[in-house]
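> Numbered according to my numbering, the sequence shown spans residues 6 to 258. Please find one structure pasted underneath; my questions will follow.
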Amino acid sequence: MAKAITLSNGRTWKTQKDALAHFKAMLDRYDNQDVIDTRADHEDLVVLLERYDEAITDGPSKTGTGIDYFTRTLNNFKGFATAGFWVHREDGTATDFSYISAVKGQPKGPSKEFYDACRAAVQEDLHAAKLKFFKEYADTDGYVPCEVTGQQIAYQDAHLDHAGHTFNQIVSSFRAARGWTLEVPNGIVSLPADGQTQSTLIDPAVAKAFVDFHHSLATLRIVLSTVNLSMAARQRQPTIRRPVPLQCSSNPA
């Protein structure tokens, strides 16, 4: 049975999907750095953040000292960016929050936070590898062939795919190798704080160890971003015409 979503202001959706679509459409109505100035939108975000704080208990309150306003803000990661909502508080501080997590009403949990921190540790190297690959192999129009479809694709339409071992498998193997299969020890992952949009590995030695472990197992290929990777993944050890090599960055964390 579909799970209805109800906020404290009386807003109700029959399913999570409908609620997520509502907030996604809201985000799309604004440009980056815009203040969410429509009264109904602002009120919906206020009660959504209330729901977030009630559900996500393994981090500091996002509401903090009180809400002043919301903006659509571009969150910059290593190699990519994505738009999201930020709450600006009455004391002048601000931070991001996930409307998806708020709607679903459940924390990601330690395993997902560790996964995200591992992804952050290698993101810079993945971005550099993709740039270098296109610089070396792109034709005069800037295109390279998709490893799955053979279609010529541009950089912005390309996805760097883990063939063979998936990224999740690599993270799981790393945890097993360190004896962390049942749980990740405290003090390993830094949860997102104000202005920090990704969990990170606290100890540089652990971050470097994961980067080295990942690079020793990862086999990467360029595929069209819209290709059905769930189908492509059935062949987890594909023949890759041009694998994408990885090199460690100077700062893996």
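Glycine included, every Cβ here is placed at the ideal spot set by N, Cα and C. From a predicted model like this one, the values you see are computed outputs, not experimental measurements.
Per DSSP, what kind of secondary structure is F85 in: helix, strand or coil?
Of the three classes helix, strand and coil, the one that applies to F85 here is coil, per DSSP.
> Please classify R246: does DSSP put it in a helix, a strand, or coil?
Coil at R246, not helix or strand.
> Consult DSSP for N173 and reduce its assignment to one of helix, strand or coil.
Of the three classes helix, strand and coil, the one that applies to N173 here is helix, per DSSP.
> Taking 9 Å as the threshold (C-beta atoms), are K19 and A26 in contact?
In this structure, K19 does not lie closer than 9 Å to A26 by Cβ.
> Can you tell me where the beta strand (DSSP E) holding L131 begins and where it ends?
Note, L131: premise wrong, no beta strand (DSSP E); alpha helix (DSSP H) at 114-142.
> Any idea if P257 is buried or exposed, counting beta-carbon neighbours within 10 angstroms, 16 or more meaning buried?
Bear in mind that a pLDDT of 47 at P257, under 50, signals an unreliable position, so the number given afterwards is only what the model happens to contain. P257 should be labelled buried.
> Using DSSP with H/G/I as helix, E/B as strand and the rest coil, what is P150?
Correct three-state label for P150: strand.
> In whole angstroms, give me the CA-to-CA distance for R239 and L222.
Residue placement at R239 is flagged as unreliable, the pLDDT there being 49, under the threshold of 50; the coordinate-derived value follows with that caveat. Those two C-alpha atoms are separated by around 18 Å.
> Is DSSP giving R16 helix, strand or coil here?
Reduced to three states, the DSSP call for R16 is coil.
> Give the secondary structure of L50 by DSSP, where H, G and I count as helix, E and B as strand, and everything else as coil.
In the structure shown, L50 sits in a helix (DSSP, three-state: H, G or I).
> For H47, which residues of its own chain have a beta-carbon under 8 Å away from its beta-carbon, when the five flanking residues on both sides are left out?
For H47, where only same-chain residues beyond five positions count, the Cβ hits under 8 Å are I41, Y74, F75.
> Given S116, which residues of its chain have a CB within under 8 Å of its CB, disregarding the five upstream and five downstream residues?
Taken in chain order, the residues that qualify are V189.
> Alpha carbon to alpha carbon, how far is V149 from G71? Give it in angstroms, no decimals.
In a straight line, the C-alpha of G71 is about 50 Å away from that of V149.
> Consult DSSP for Y74 and reduce its assignment to one of helix, strand or coil.
Y74: strand per DSSP, three-state reduction.
> When DSSP builds the beta bridges, which residues end up paired with W185?
Note: W185 sits in no beta bridge, so no partner.
> Under the three-state reduction of DSSP, which class applies to R239: helix, strand or coil?
Note that R239 has pLDDT 49, beneath the 50 cutoff, so the model's placement of it is unreliable and the number below is only indicative. Reduced to three states, the DSSP call for R239 is coil.
> Run through DSSP, which three-state label would V216 get?
In this structure, V216 counts as helix in the three-state DSSP scheme.
> Below 9 Å between beta carbons: does that hold for A163 and F179?
No, the Cβ-Cβ distance between A163 and F179 is not below 9 Å.
> Applying the 10 Å Cβ sphere with the 16-neighbour rule, what's the burial state of K22?
Exposed is the call here.
> From this set, T62, P65, A99, which residue's C-alpha is nearest N80's C-alpha?
Minimum Cα distance to N80 is reached at A99.
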